[in-house]
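Residue numbers (this note's numbering): 22 to 913. Glycine residues also receive a C-beta, built at the ideal position from the N, C-alpha and C atoms.
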Amino acid sequence: MASNGYRNGILKGSVKVEKLSPSSNPKPSSIKSKTTSTQVSSVRRSSPASLGGVGSGVKGDSGVPGRVRVAVRLRPRNAEEQVADADFADCVELQPELKRLKLRKNNWDSDTYEFDEVLTEFASQKRVYEVVAKPVVESVLDGYNGTVMAYGQTGTGKTFTLGRLGEEDTAARGIMVRSMEDILADICPETDSISVSYLQLYMETIQDLLDPTNDNIPIVEDPKTGDVSVPGATLVEIRNQHSFVELLRLGEAHRFAANTKLNTESSRSHAILMVHVKRCVKGSEAALSIENGNGSHMSKNFRPPLVRKGKLVVVDLAGSERIDKSGSEGHTLEEAKSINLSLSALGKCINALAENSPHVPVRDSKLTRLLRDSFGGTARTSLIVTIGPSPRHRGETTSTIMFGQRAMKVENMVKIKEEFDYKSLSRRLDIQLDKLIAEHERQQKAFQDELERITIEAQNHISEVERNYAEALENEQSRYQKDYKESIKKLEEQWMLNQQKLNSDRARVEVKQEPLDMGLAVAELQKSLQNEINLRKAAEEEVNSLKSQLVQWRRSEAVGNAEVLKLRKLLEDEEHQKEKLEEEIAGLRSQLLQLSFEADETRRSLDRGGSGKILTGLDSLMSQVRNSQIKDSGNGQKAPIVNLFEQVGLQKILSLLESEDSDVRIHAVKVVANLAAEEANQEKIVQAGGLTSLLMLLKSSEDEMIRRVAAGAIANLAMNETNQELIMDQGGISLLSMTAADADDPQTLRMVAGAIANLCGNDKLQITLRGEGGIKALLGMVRCGHPDVLAQVARGIANFAKCESRASSQGTKAGRSLLIDDGALPWIVQNANNEASPIRRHIELALCHLAQHGHDQWGCPMGAGTHIPRLLARGHKDSCKSDFNFKSHIPS
Ligand code: ADP
Ligand code: MG
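Written out as structure tokens, the structure reads:
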């Protein structure tokens with residue numbers, strides 16, 4: 022209940038005055054008297070007759086000493102005692118004015134005990150309340166814990182003193198009711214609150230008298246402060262006296278019911294009323310309190326409200342008489358122990374505290390735990406011990422008095438229960454914070470608006486200043502320019518004047534030199550100005566001329582490019598011309614050779630006695646050739662050659678075909694070819710062995726040109742039916758086929774194809790021609806793709822087809838077309854729509870003949886079957902009758 026420490030140096034409370042003689046003046050010890058008087062003087066509201074106590078001025082954490090006050094109350098004799106003890110004196114004699122009690126041992130001996138208050142059997146309930154409980158109640162209202170406890174034998178008036186409701190007799194109201202009346206009268210209902218719990222402790226079990234189902238409530242101790250509480254107990258808020266009285270009545274009823282149920286007597290249980298008073302400390306009182314220690318560092322705004330939480334505990338103890346351990350009351354020994362446990366533990370604790378013992382067995386019972394603060398703690402405690410007058414209970418009365426005497430030695434350290442209400446501070450701060458946030462937002466917005474306004478203003482100002490500055494600058498400039506012009510003008514005038522003056526001076530007086538500084542300076546300035554102007558002009562001209570040069574250069578570049586192209590073209594033309602001329606030169610050279618040859622021959626024959634007629638003829642031929650060559654290089658060759666042939670003789674020309682000189686050979690074959698173009702010459706050429714010679718050339722000549730011209734000559738000869746047979750007999754078709762296979766030059770191929778095409782037109786030669794590969798050779802030449810060659814191929818095919826169709830219609834030949842057998846049809850079909858009209862016409866003709874040859878002929882590859890009827894439908898039947906011959910003209 023109390024640590025050892027706080028007792029050190031503390032003044033002892035009451036001193037037991039044992040065995041005071043009745044005659045002696047029972048003066049309290051000086052120490053005790055002093056203490057009591059000090060404490061009584063500090064009580065604010067209690068009457069001077071009260072137990073006294075520590076005033077409300079008590080501050081600080083450590084508290085101040087406050088001894089447990091003990092009063093003794095004697096119950097009047099009850100009816101039974103008045104009868105039974107009629108012949109006996111009371112066992113006690115009270116001296117209330119001396120606050121002493123005399124306990125009679127026998128008729129002649131007694132012990133005297135001093136108490137804080139001695140209340141006789143006549144003491145009113147009001148007086149008992151005022152001296153025992155009121156100081157405690159006032160302390161509770163000031164924020165202290167307080168305890169009022171009644172101890173005594175059953176039936177001595179504990180409940181009478183504490184718990185009487187006094188409904189039928191107001192004067193009978195007990196301490197509980199009166200305490201609540203005082204509390205309710207003192208508090209402020211708006212800010213303060215009262216709440217109540219009502220408990221019963223029996224056999225170490227705490228029961229809730231306000232809620233009987235709550236019958237085993239635990240005691241909770243705060244590990245930090247050691248404060249004890251019963252949070253499990255029902256806590257009822259009290260608003261008025263009536264509700265409190267109802268609550269007490271309800272508690273009493275529950276106590277009665279519980280005891281009936283448990284088969285116990287109420288005298289065996291402890292009743293504990295707890296009144297919690299929470300008060301808000303206001304104004305100067307709070308400020309004073311804060312100044313004295315609590316939160317002096319806090320500013321006014323952040324100061325939490327100060328609250329005082331006082332707790333009044335009123336304890337109606339079980340009867341103090343000992344239970345008969347034999348179990349006469351129907352209890353087992355164990356039960357008896359348990360029933361007495363709390364009360365005996367309380368006695369032990371009080372003994373320990375009274376004797377300043379190092380160990381106080383607070384934890385031995387629930388009662389001592391609950392009353393930890395009441396004895397040896399921080400509470401203001403008043404104990405009333407009740408006794409009866411009957412000498413028959415002297416033993417119990419004595420032990421009660423001794424308990425009271427020991428309790429008087431217990432020193433508490435009363436301490437105000439004051440704390441800051443941080444929850445309400447937090448609520449208040451939250452509200453303030455929200456207000457501040459809103460205000461801050463508003464201010465921020467206003468600040469931004471202001472900032473924007475200032476920015477715009479500043480920008481306007483800047484632009485105005487800039488405008489002004491520009492204007493001023495312009496004005497200044499124009500002013501300076503004006504000044505400058507004026508001063509120049511003045512200088513010029515001055516200069517003129519000076520000049521005039523100078524001239525006149527010079528004229529008048531022959532003064533050699535009178536330099537006028539000003540004039541000279543101006544002249545110099547003008548000169549340099551002029552120089553500058555000239556230089557600038559020159560530079561500008563330079564730039565302009567460079568620009569025009571650039572334009573010109575670009576133009577001439579384009580012209581040059583065009584010129585280059587033109588020149589290139591010209592060069593090509595020239596080269597072409599040159600080639601042509603070279604050819605002509607070669608032709609003329611061969612002619613010259615022939616002529617010189619002939620001239621030799623003529624000379625020789627003249628030598629042998631020939632006429633001079635030929636010479637004349639040759640001369641005229643020569644001149645004719647010459648003239649014609651000058652007049653017309655294109656057509657002026659044929660006539661001289663024909664004449665040549667007549668005059669020089671075919672044999673001579675043919676012999677030149679075998680000349681060593683290749684140029685001679687070429688010209689000879691060209692001459693022969695041209696001769697062969699004339700039908701009249703053909704027979705003579707063949708008779709003179711020309712055909713054989715030509716075929717030989719075709720066979721043996723390495724020169725492509727020779728072979729080409731020879732083929733041309735053969736083609737010309739092949740126009741004649743008799744010659745055709747001769748050509749065939751001499752293996753001409755094979756030679757032509759060979760040439761066709763070897764040659765690449767389109768002109769050569771044209772000649773060869775022309776020759777074969779002519780041969781194709783001969784009915785008798787069909788089989789041989791085809792047999793010797795003529796058709797294949799003809800078709801082979803289409804590879805060259807030259808339209809002239811293709812035209813000859815087409816003509817040959819048409820000729821062949823014509824003969825085949827003729828043979829078929831005459832019945833001399835039947836069966837399949839050799840042309841088709843040799844694979845001519847695909848090409849025919851392919852070129853049926855050839856762009857070149859000669860090709861197209863010959864192909865149409867061929868198709869016409871093939872169609873006449875008979876429909877059974879069609880092998881119909883490549884879809885030809887669809888083409889032929891369509892082509893036939895075009896009506897080319899007229900052309901079927903036409904015959905074509907190839908006549909080649911070979912330029913010399
Ligand atoms: P306890 O609670 O100590 O057992 P009670 O309070 O029940 O005793 O009192 C027993 C009886 O004595 C009751 O009938 C009660 O009215 C009566 N009584 C007690 N004290 C007084 C008193 N001071 N004046 C008149 N009657 C009293
Ligand atoms: Mg009682």
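Give me the Cα-Cα distance between residue i and residue j, rounded to the nearest whole angstrom.
i: I727; j: L719; result: 8 angstroms
i: F497; j: Q521; result: In the sequence as presented, Phe is not what sits at residue 497; that position holds Glu. Looking at the two C-alpha atoms, the distance is approximately 35 angstroms.
i: A736; j: G775; result: 6 angstroms
i: M429; j: R94; result: 15 angstroms
i: C824; j: C869; result: 12 angstroms
i: R413; j: A373; result: 30 angstroms
i: V302; j: D213; result: 9 angstroms
i: C370; j: N361; result: 14 angstroms
i: D106; j: G340; result: 22 angstroms
i: Q751; j: L715; result: 11 angstroms
i: T623; j: E605; result: 26 angstroms
i: S359; j: D229; result: 19 angstroms
i: K387; j: S395; result: 13 angstroms
i: D946; j: M717; result: Residue 946 lies beyond the range of the chain shown here (22 to 913); nothing can be said about it.
i: E746; j: G782; result: 11 angstroms
i: K587; j: Q598; result: 16 angstroms
i: R463; j: V486; result: 34 angstroms
i: V707; j: D763; result: 26 angstroms
i: A279; j: P233; result: 8 angstroms
i: E101; j: S411; result: 10 angstroms
i: Q480; j: Y490; result: 15 angstroms
i: R488; j: L494; result: 10 angstroms
i: G886; j: T833; result: The predicted model places G886 with a pLDDT of 44, which falls under 50 and marks its position as unreliable; any figure quoted below should be read in that light. G886 and T833: Cα-Cα distance of roughly 26 angstroms.
Which residues in the same chain as residue i place their Cβ atom closer than 8 angstroms to its Cβ, once the five residues preceding and following it in sequence are excluded?
i: I864; result: A815, I818, A819, I849, N852, A853 and N855
i: E460; result: none
i: Q174; result: G340, S341, E342, T407, I408, G409, H414, E417, T418 and T421
i: R393; result: M22, G247, V249 and V383
i: E725; result: A764, D766 and T769
For residue i, collect the residues of the same chain with a Cβ closer than 7 angstroms to its Cβ; drop the 5 residues on either side in sequence, then sort them by chain order.
i: K55; result: The predicted position of K55 is uncertain, since its pLDDT is 30 and thus under 50; a value taken from the coordinates is nonetheless stated next. There are no such residues.
i: S838; result: E825, L871, H874 and Q878
i: E202; result: Q262
i: E513; result: V543
Below 6 angstroms, is the gap between the Cβ of residue i and the nearest heavy atom of the ligand MG?
i: T180; result: yes
Cβ of residue i within 6 angstroms of any heavy atom in the ligand ADP?
i: T177; result: yes
i: R96; result: yes
In chain order, what residues of the same chain lie with their CB nearer than 6 angstroms to the CB of residue i, ignoring the 5 residues before and after it?
i: N702; result: L696
i: S403; result: L72, R90, V153, V157 and V169
i: G84; result: T399, M434, V435 and K436
i: K48; result: A caution first: K48 carries a pLDDT of 32, below 50, which makes its placement in the model unreliable, though a value can still be read off. Nothing meets the Cβ criterion.
Does the Cβ-Cβ distance between residue i and residue j come in under 7 angstroms?
i: T168; j: V334; result: yes
i: V298; j: G331; result: yes
i: L871; j: A822; result: yes
i: G176; j: I437; result: no
i: A732; j: N779; result: no
i: P767; j: A812; result: no
i: R96; j: G409; result: yes
i: R777; j: G753; result: According to the sequence provided, residue 777 is Ile. The question's Arg does not apply to it. It is not a contact, given that the beta carbons lie outside the stated cut-off.
i: G253; j: I238; result: yes
i: D337; j: G184; result: yes
i: L675; j: A698; result: no
i: A357; j: R427; result: no
i: E138; j: A92; result: yes
i: A193; j: Q116; result: no
Distance cutoff 7 angstroms, beta carbons only. Does residue i sit that close to anything in chain B?
i: A559; result: As a matter of chain content, chain B is missing from the structure shown, which is built from one protein chain.
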